[in-house]
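Numbering (this note's numbering), first residue to last: 5 to 89. Heads up, the beta-carbon is just placed ideally off N, CA and C, and yes, glycines get one too. A quick write-up on the structure given underneath.
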Amino acid sequence: MTWFKNKEHGKVYEVTAVVKAADKRLVNPLICHECHMLVSYQGVGGETKSEKLLYDEVFYKAFQNHDSCYVMVDDNGIRHYHPSE
């Protein structure tokens, strides 16, 4: 994964919550039935932020197992994410 090569492009935050959800409001019929996850993290200044990403079973299960999970965030939102190894 390019996580370690691209660390200079964003800041790393620990994930505080991951919620699995299906969004039926999407217009594109090719992706409307795909599952998503809402990933929350504590950003700069202690502010809680959330972003919706495509569902990743490994990441979701790692968080449910109380493993430390992290996101790399830049100006455009979450750039990379991964469970701790």
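Residue i (DSSP reduced to helix, strand or coil)
i, result
"Glu61", "helix"
"Gly47", "coil"
DSSP beta-bridge partners of residue i
i, result
"Ala66", "Answer is none; Ala66 lacks a bridge partner."
"Ser54", "Ser44"
"Asp79", "According to DSSP, Asp79 bridges with nothing at all."
Supposed close pair residue i, residue j - CB separation, criterion 8 angstroms
i, j, result
"Ile82", "Glu61", "At roughly 17 angstroms, the Cβ-Cβ gap does not stay under 8 angstroms, so Ile82 and Glu61 are not in contact."
Neighbourhood of residue i by C-beta, 8 angstroms cutoff - its chain only, sequence neighbours within 5 removed
i, result
"Cys73", "Glu18, Val19, Val22, Phe63, Ala66, Phe67, Tyr85, His86, Pro87 and Ser88"
"Tyr59", "Lys24, Glu38, Cys39, His40 and Met41"
Neighbourhood of residue i by C-beta distance below 6 angstroms, restricted to the same chain and skipping five residues each side
i, result
"Met76", "Gly14, Val16, Arg83 and His84"
"Gln46", "Thr20 and Thr52"
Contact test: residue i Cβ vs the ligand NAP heavy atom, cutoff 7 angstroms
i, result
"His40", "For the ligand NAP, the structure offers nothing, since it holds no ligand at all."
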